[in-house]
């Protein structure tokens, strides 16, 4: 396992973004307040850092990174669908449930969304309540708001 921490942008609830990768792909992007010492880095961590730097600088809208996620088949289905939510867009949990053919499983979709191990890259922050309110985000609602405003600003500039 490879580990690395980068500074989170000002305005996030957390101070650092912790990245983990295997030899296969990125497996974790989490928000932490204590910097974890790098065990060692690899090419996949370097690619993720570069992609995040571009994203935060407003130059990257699509992440093309190899992922190595562990989850149930249902969770993986939800996480795969999350990657179809375009930059600058938001979906409700109901829309996400409909998109995977599970209209009656909004809560299960919400639970899978909450278990997403690779925040930002797998854009669970783009899922909001049906009333358009920001709800539930592992990185904190302040971070979720920052990400959505950042994407909206860049999307509108194009």
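Residue numbers (the numbering used here): 671 to 828. C-beta: ideal position from N, C-alpha, C; glycine also.
Rounded straight-line distance, which links the Cα of residue j to that of residue i
{"i": "residue 685", "j": "residue 810", "result": "12 Å"}
{"i": "residue 675", "j": "residue 767", "result": "33 Å"}
{"i": "residue 799", "j": "residue 778", "result": "14 Å"}
{"i": "residue 817", "j": "residue 733", "result": "15 Å"}
{"i": "residue 729", "j": "residue 756", "result": "15 Å"}
{"i": "residue 774", "j": "residue 702", "result": "34 Å"}
{"i": "residue 812", "j": "residue 682", "result": "6 Å"}
{"i": "residue 715", "j": "residue 769", "result": "31 Å"}
{"i": "residue 705", "j": "residue 788", "result": "18 Å"}
{"i": "residue 806", "j": "residue 710", "result": "32 Å"}
{"i": "residue 819", "j": "residue 713", "result": "30 Å"}
{"i": "residue 759", "j": "residue 680", "result": "23 Å"}
{"i": "residue 677", "j": "residue 823", "result": "22 Å"}
Identity of the residues DSSP links to residue i by a beta bridge
{"i": "residue 691", "result": "672 and 696"}
{"i": "residue 748", "result": "The partner list for residue 748 (beta bridge, DSSP) is empty, contrary to what the question assumes."}
{"i": "residue 701", "result": "687"}
{"i": "residue 772", "result": "The partner list for residue 772 (beta bridge, DSSP) is empty, contrary to what the question assumes."}
Member of the options whose CA lies at the smallest distance from the CA of residue i
{"i": "residue 724", "options": "804, 791 and 801", "result": "791"}
{"i": "residue 671", "options": "692, 677, 793 and 698", "result": "692"}
{"i": "residue 784", "options": "824, 737, 707 and 763", "result": "763"}
{"i": "residue 721", "options": "699, 805 and 803", "result": "699"}
{"i": "residue 801", "options": "744, 761 and 737", "result": "761"}
{"i": "residue 754", "options": "803, 819 and 797", "result": "797"}
{"i": "residue 776", "options": "748, 759, 803 and 786", "result": "748"}
{"i": "residue 742", "options": "765, 786 and 707", "result": "786"}
{"i": "residue 826", "options": "673, 740, 707 and 731", "result": "731"}
Contact check, residue i vs residue j, beta carbons under 8 Å
{"i": "residue 752", "j": "residue 794", "result": "yes"}
{"i": "residue 744", "j": "residue 782", "result": "yes"}
{"i": "residue 717", "j": "residue 689", "result": "no"}
{"i": "residue 695", "j": "residue 738", "result": "yes"}
Any non-hydrogen atom of the ligand PLP within 7 Å of residue i CB
{"i": "residue 717", "result": "The model depicted lacks the ligand PLP and carries no ligand whatsoever."}
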